[in-house]
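The structure appears below as structure tokens.
Number of protein chains: 2
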Amino acid sequence: MVDLIDINKPILDLNDRLAVANRERLDAQGIFMLDLLASPGAGKTSLILATIAALRERYGIAVIEGDIASDIDSRRIREQGIEAVQINTGGICHLESAMIKRALDTLDLAPLDLIIVENVGNLVCPTDFYLGENVKVMILSVPEGDDKPYKYPGIFQAASAIVLNKLDTLPVFDFNEQSFRTQVAALNPSAPVFALSATAGQGVNAWTNWLAEQIDASRSR
Amino acid sequence: MVDLIDINKPILDLNDRLAVANRERLDAQGIFMLDLLASPGAGKTSLILATIAALRERYGIAVIEGDIASDIDSRRIREQGIEAVQINTGGICHLESAMIKRALDTLDLAPLDLIIVENVGNLVCPTDFYLGENVKVMILSVPEGDDKPYKYPGIFQAASAIVLNKLDTLPVFDFNEQSFRTQVAALNPSAPVFALSATAGQGVNAWTNWLAEQIDASRSR
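In order, the protein sequence lines correspond to chains A and B. Using the working numbering, you'd call the opening residue of the first sequence number 1 and step up by one each time. Using the working numbering, you'd call the opening residue of the second sequence number 1001 and step up by one each time.
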């Protein structure tokens, strides 16, 4: 296992260098980038659609969609009249900063304030790859169970905020929200937890208000 | 991306060599090994518990638990009086055959007929790693959504059978079972799909009957 990590080290370093270049390019345009991480089916695209609906009057928004295969999610975004760039990794379990660079090359950056990156559905691999984002945010959905911080601590520690999605399904699942919040607080005391339902709308305002604060704060720096 | 794959190639070859050694060792003892793949929270441990309950009178069973961190799942298995070996990968997103070899070293193989490997929760990385198993089986759970075969085709193609879990939550989610089955059939026409609820019990018999057939058939060869 140590061999695997050593062998990949130069690639990670290259990734970081390209990520810094992405960041400098976005800073020069005043664009905030959010890297959204979650398991498959946790509701990344649904949260992006809810976020677009709440913030599109205030910010110019585009989406970079990372998937192993298919362009289902990009099409859902484009149906809302929002630009979406599809990256198909063809089996790679995370996005890398070189892929983001190519996506940025295809976007008209001038009208943009916010780029949302939907990473590949995976609670492990994307955690260690800096893409040039301002923040990583992760989603856990209620059906996945309240024990996930114990099992996947890395992603809970790497996230600047944590969204607990599908809150409307709490009555159906044996999910202890207090236990979940206690685990998260132990791993990442400063990260806010937004419990919401991206499709039903419950709790979405607190999330989008926080995101808007992060965007505005990044510009005043 | 091609660079990354090339660099990993020798490691995959080593993995395959050790997997073949695992397979020969298990064949010599008449032990069937199942590699169980799914997203985090899809119900791998719940399916293992239901499978143990159904088959423990007929077969000697042990479990190898793969997790990034924690031993929650192993403890749940051991509470049933079933041997469980915990592998914590410490950030690696899949199990490898060298890890399985070490787990086999710690088990008393003589009384065993079936070893169930619970892989790390991930729809991508474990797909390409042969561990010496007889079959890979994947679980998709209803809350993850019916579009996952389009998005993660590799794992649906690699699986010998597919379990659709949390069937009792179909009324709560917008999940088109027919669409799901059509996608699966296009990717993997020979794989049976077992729709069930591992916790509620619905549909579990068809799954455990199939698994028992596979075990018995592997011995008669």
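Note that the Cβ used here is the ideal one computed from N, Cα and C, for glycine as well.
Please report the distance separating the alpha-carbon of residue i from that of residue j.
i, j, result
"B:Q1157", "B:N1122", "15 Å"
"B:N1188", "A:S70", "17 Å"
"A:V20", "A:P149", "29 Å"
"A:N15", "A:E177", "36 Å"
"A:L104", "B:A1191", "40 Å"
"B:P1143", "B:V1063", "26 Å"
"B:S1220", "A:D168", "50 Å"
"B:L1095", "A:C93", "15 Å"
"B:G1201", "B:A1053", "11 Å"
"A:D216", "A:G145", "34 Å"
"B:A1206", "B:F1194", "7 Å"
"B:W1210", "B:S1218", "12 Å"
"A:E213", "A:E79", "27 Å"
"A:G60", "A:L112", "4 Å"
"B:A1186", "B:F1175", "18 Å"
"A:F173", "B:A1028", "43 Å"
"A:N88", "B:K1151", "10 Å"
"A:F180", "A:V120", "24 Å"
"B:I1162", "B:R1023", "22 Å"
"B:D1147", "B:L1055", "32 Å"
"B:L1107", "B:I1082", "11 Å"
"A:I139", "B:Y1130", "30 Å"
Could you spell out the range, first to last residue, of the beta strand (DSSP E) harbouring residue i?
i, result
"A:Q227", "This structure cannot speak to residue 227 of chain A, because chain A is shown only from 1 to 221."
"A:A38", "32–38"
"A:S74", "Where A:S74 is concerned, there is no enclosing beta strand (DSSP E), although the alpha helix (DSSP H) it sits in stretches over 72–78."
"A:V117", "114–118"
"B:L1164", "1161–1165"
"A:G139", "For the record, residue 139 of chain A in the displayed sequence is Ile; it is not Gly. That run of the beta strand (DSSP E) goes 135–141."
Find the residues of chain B that neighbour residue i, judging by a C-beta separation of less than 8 Å, and give them in chain order.
i, result
"A:D130", "Note that residue 130 of chain A corresponds to Tyr in the displayed sequence, not to Asp. Per Cβ cutoff of 8 Å: no residues; A:Y130 is ~16 Å from chain B at best."
"A:I72", "D1147, Y1150, K1151"
"A:K166", "P1143"
So, is the C-beta of residue i closer than 9 Å to a C-beta in chain A?
i, result
"B:E1144", "yes"
"B:I1048", "no"
"B:D1105", "no"
"B:G1060", "no"
"B:A1019", "no"
Cβ of residue i less than 9 Å from any chain B Cβ?
i, result
"A:G201", "no"
"A:T169", "yes"
"A:V137", "no"
"A:A206", "no"
"A:V85", "no"
Hey, quick one: how far does the alpha helix (DSSP H) through residue i stretch, first residue to last?
i, result
"A:E57", "No alpha helix (DSSP H) contains A:E57, which DSSP labels as neither H nor E."
"B:E1213", "1204–1220"
"A:I155", "153–158"
"A:S190", "It is not in any alpha helix (DSSP H) - A:S190 carries neither H nor E in the DSSP assignment."
"A:I100", "97–106"
Leaving out five residues on either side along the sequence, give the residues of the same chain with a beta carbon under 6 Å from the beta carbon of residue i.
i, result
"A:E65", "D73, S74, A84, Q86, E118"
"A:A198", "G43, S46, L47, A50, N165"
"B:T1127", "G1154, I1155, A1158"
"B:D1003", "Per-residue confidence for B:D1003 stands at a pLDDT of 40, beneath the threshold of 50, marking its modelled position as unreliable; no derived number is given."
"B:S1141", "A1042, G1043, N1165, K1166"
"A:C125", "C93, H94"
"B:R1058", "none"
"A:V204", "A50, L196"
"B:I1077", "V1063, A1084"
Find the residues of chain A that neighbour residue i, judging by a C-beta separation of less than 8 Å, and give them in chain order.
i, result
"B:D1067", "K151"
Spatial neighbours of residue i within its chain, please: C-beta separation below 7 Å, excluding the five flanking residues on both sides.
i, result
"B:M1033", "L1026, I1115, V1117, G1132, E1133, N1134"
"A:L18", "S97, A98, K101"
"B:F1136", "As written in the sequence, residue 1136 of chain B is Lys, which differs from the Phe given in the question. Contacts found: D1035, L1037, A1158, A1159, S1160."
"A:P40", "G121"
"A:Q183", "P149, Y150"
For residue i, go through chain A and note every residue whose CB falls closer than 7 Å to its CB, in chain order.
i, result
"B:L1123", "P40, G121"
By the criterion of Cβ-Cβ separation under 7 Å, what are the contact partners of residue i in chain B?
i, result
"A:L141", "With the sequence shown as reference, residue 141 of chain A is identified as Ser, and Leu is not the correct amino acid for it. Within chain B, the residues near A:S141 are P1143."
"A:V172", "T1169, V1172"
Mind listing the chain A neighbours of residue i? Cutoff is C-beta to C-beta under 9 Å, in chain order.
i, result
"B:G1154", "I68, A69, G91"
Below 8 Å CB to CB, which residues in the same chain sit around residue i once its five sequence neighbours on both sides are set aside?
i, result
"A:G91", "I68"
"A:I31", "L109, L112, D113, L114, I115"
"B:L1170", "V1142, E1177"
"B:T1208", "A1050, T1051, A1054, L1055"
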